[in-house]
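Chemist: Heads up: the sequence lines are chains A and B, in that order. Convert by adding 14 to the 1-based position in the first sequence; the result is the number in the working numbering. Convert by adding 223 to the 1-based position in the second sequence; the result is the number in the working numbering. I'd like to ask you about the structure that follows.
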Amino acid sequence: MNDPKRLVEEEGSDLERLLLDAARREKPKSNLVPRMLAGLGLGVGITQTVAPLAAAAKVGVGVWVSMGLLAAAGAGFVGARSLATKEAPPPAPVAAPAVTPREAPTLLASDAKLRDEIRLLDRARAALRMRAPQQALQELRHYFEGHPHGVLEPEAAVLRIEALRENGDRVQAAAASREFLARHADGPLADRVRRLAEK
Amino acid sequence: MRIRAFSSMVGPRALPVSGDVDRRRLEQMFTAHHEAVWRTLRRRGLSPEAAADATQQCFLIAAERLDDIRKGSERAFVLGTALRLASTAIRTDRRWQLEDNMDLRASPARADEIADRRRAVDLMDRVLSRLHPDLLEVFVLFEIEGLPTPEIAKMINIPVGTAASRLRRAREEFRAVVARLERSLRREEEQR
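This is how it looks when you write it as C-alpha cells:
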C-alpha cells in the first residue's frame, strides 16, 4: 500500500501548506530543553541547534498576511479575539543545559495518580528483583485495583506475567501473555512478552 | 491535565538506566526525538510547558523500558508513549493564547513574519481541534511528523488499512475545514 503524498509537499492548497508548514517548524522554546534534561537527570551537552530555515513553502505566509487574512482568520474562525503577539527576545544559545531547579510544583490529582502508578510498579519490580514474586503480585493487584485505566497498564501487565512465571504459575502466565498479545500485538512490549512465552 | 516533571513527582533518584551505554542511548533518543514528541503533544492540545513535562515523562518511561525497546523502534516507542499520555490529558490547557512561547529562531527575522507564523500555528490548532482525536492522531503523525502509515499503525496498534482509512478521512476533514475557512476569509476580504 503506497502512502499518498503529503499535503505540504504537493497536493495541498496554499493555506493548507501554510498551516502545515508552520506546525512542522514549531519547536520547544530553548529554555524548555534544559528543563527536560534536568528532569531526566541527563547532562547532555546538547547544543541547541538552530535548524536552518527550511525551504520556504511554495506560498509563503506573506500572501495571506498581505491580504490581512491570517489576522482575520483568528477573529473569524472562533469569534473575535485578540491575537496580539509580541516578539520574543532572542534566546541565548544553550551550549549545555543549565540544571536549574523548577519552581515548587503544585501537586494536582492527575500527578498524584501517576506518581502512585510509578510507585506501585517500582515496588513490584523491586520485589521481583528480590525473587519475591508473591509480594510483586500483591503490589500489582494494588496497582490494577487502584488504576484500572492506568497510563502504565501495559508495563504493569508485563510485570504481572513475569511475576506469575517466577511464582511457578505457568498456566496463568501463558493466559496473561495471550491476553496481553491480543490487546497489544504490535506494541513496544509485545516482543518481550513473546520472548517470555518462549522461555 | 497538568503533567508534572517526573523529577518533581518521585523526588531525587537515579535515572533508571545503568551504565554509560544505556545513558548514551537515552541521550541519543532524546536528541533525535524530543522535538517530534513535544510537537505531537502540542498538536494534542497541551501547552508548551505541559508538553515539555509530558515529553520528559515519555523519556523516563523509555529509560525504564530501555532493554525492551528494539534498536530502530525508538521513535515508535516514545511517540506511542506520548500519545498514550496525551490521551489521558484533559484539554483544559488549551493554547489559543500564544504569548511568547514559541521558539522562532528558525523563522524569518522580520517581526511581522514571526507574528504571522505564530498566528499560523494558532490557526492550525484551531483547525485540528475540529478533527476527531483518532483521526487527528494519524493526521499529525503522517502530515506533520512525516511517518509512514505502517509505522503509525504499529505505533497505535491498529491495522495498516485502518490507519490508511483514518488518514484519508482526516485529510478530507482537514481540507473541508480549511476550505470553509478560506471561503469565509475571502468573503471577509471582499467586504472590506
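Beta carbons: idealized from backbone N, C-alpha and C, even for Gly. Small disclaimer: the values here were computed from a predicted structure and weren't measured.
Which same chain residues end up closer than 8 Å to Arg-145 of chain A when comparing Cβ atoms and leaving out the 5 residues on each side of it in sequence?
Modeler: Glu-180
Chemist: Check the Cβ of Ser-27 of chain A against every Cβ in chain B and list those closer than 9 Å, keeping chain order.
Modeler: Arg-398, Val-401, Ala-402 and Glu-405
Chemist: Please determine, among B:Ala-255, B:Arg-307, B:Gln-280 and B:Val-301, the residue with the shortest C-alpha to C-alpha distance to Arg-267 of chain B.
Modeler: B:Arg-307
Chemist: From the DSSP output, in three-state form, read off Pro-18 of chain A for me.
Modeler: coil
Chemist: Rounded to a whole number of angstroms, what is the C-alpha to C-alpha distance between Ile-375 of chain B and Gln-414 of chain B?
Modeler: 44 Å
Chemist: Could you name the residues of the same chain whose beta carbon sits closer than 8 Å to that of Ile-175 of chain A, not counting the 5 residues immediately before and after it, in chain order?
Modeler: Ala-187, Ala-190, Ser-191, Phe-194, Val-207 and Leu-210
Chemist: Report the three-state DSSP secondary structure of Asp-205 of chain A (helix, strand or coil).
Modeler: helix
Chemist: What do you get for Val-185 of chain A, buried or exposed, if any count of 16 or more other CB atoms within 10 angstroms of its CB means buried?
Modeler: exposed
Chemist: With a cut-off of 8 Å, does the C-beta of Pro-162 of chain A fall near any C-beta of chain B?
Modeler: no
Chemist: Measuring alpha carbon to alpha carbon, tell me which residue in A:Ala-196, A:Leu-33, A:Arg-20 and A:Leu-46 is nearest Ala-402 of chain B.
Modeler: Selected option, being the one with the closest Cα: A:Leu-33.
Chemist: Under the three-state reduction of DSSP, which class applies to Ile-367 of chain B: helix, strand or coil?
Modeler: helix
Chemist: Can you pull the chain A residues whose beta carbon is under 8 Å from the beta carbon of Met-347 of chain B, in chain order?
Modeler: Neighbours of Met-347 of chain B in chain A, taken as residues whose beta carbon is under 8 Å from its own, are Leu-33, Leu-34, Ala-36 and Ala-37 in chain order.
Chemist: So His-256 of chain B packs on Glu-287 of chain B, CB below 8 Å; how close in whole Å?
Modeler: Wrong, their Cβ atoms sit about 16 Å apart, outside the cutoff.
Chemist: According to the Cβ coordinates, are Tyr-157 of chain A and Ala-141 of chain A closer than 8 Å?
Modeler: no
Chemist: Could you please give the first and the last residue of the uninterrupted alpha helix (DSSP H) stretch that includes Ala-274 of chain B?
Modeler: 271-287
Chemist: Rounded to whole angstroms, what is the Cα-Cα separation between Arg-20 of chain A and Glu-366 of chain B?
Modeler: Answer to the nearest angstrom: the Cα atoms are 6 Å apart.
Chemist: Under a three-way DSSP split, which group does Glu-40 of chain A fall into?
Modeler: coil
Chemist: Answer yes if the stretch 257-276 of chain B comes into contact with the stretch 346-357 of chain B, meaning at least three C-beta pairs across the two stretches below 8 Å, and no otherwise.
Modeler: yes
Chemist: Give the secondary structure of Asp-183 of chain A by DSSP, where H, G and I count as helix, E and B as strand, and everything else as coil.
Modeler: coil
Chemist: Does any C-beta atom of chain A lie closer than 8 Å to the C-beta of Pro-356 of chain B?
Modeler: Chain A contact via Cβ: absent.
Chemist: Tell me whether Gly-268 of chain B sits in a helix, a strand or coil according to DSSP, three-state version.
Modeler: coil
Chemist: Using a Cβ cut-off of 8 Å (strictly closer), state whether Val-73 of chain A contacts chain B.
Modeler: For Val-73 of chain A, the predicted structure reports a pLDDT of 41, less than 50, and the residue's modelled location is therefore unreliable. A value from the coordinates is still provided. It does not; no Cβ of chain B falls within 8 Å.
Chemist: Which of helix, strand or coil does DSSP assign to Met-347 of chain B?
Modeler: Reduced to three states, the DSSP call for Met-347 of chain B is helix.
Chemist: Rounded to whole angstroms, what's the CA-CA distance from Leu-46 of chain A to Asp-28 of chain A? Just pull it up for me.
Modeler: 32 Å
Chemist: With DSSP as the reference, label Ala-65 of chain A as helix, strand or coil.
Modeler: Only weak support is given to the placement of Ala-65 of chain A: the predicted model assigns it a pLDDT of 33, under 50, and the value that follows is read from those uncertain coordinates. Coil at Ala-65 of chain A, not helix or strand.
Chemist: In this structure, how does DSSP classify Ala-305 of chain B when only helix, strand and coil are distinguished?
Modeler: helix
Chemist: Quick check: is the beta carbon of Glu-176 of chain A nearer than 8 Å to any beta carbon in chain B?
Modeler: Not closer than 8 Å to any Cβ of chain B, the Cβ of Glu-176 of chain A fails to qualify, so no.
Chemist: Between Ala-138 of chain A and the rest of its own chain, which residues show a CB-CB distance below 6 Å, the 5 nearest in sequence each way excluded?
Modeler: Residues of the same chain with a CB within less than 6 Å of the CB of Ala-138 of chain A, apart from the 5 flanking positions on each side, are Ala-150, Glu-153, Leu-154 and Leu-173 in chain order.
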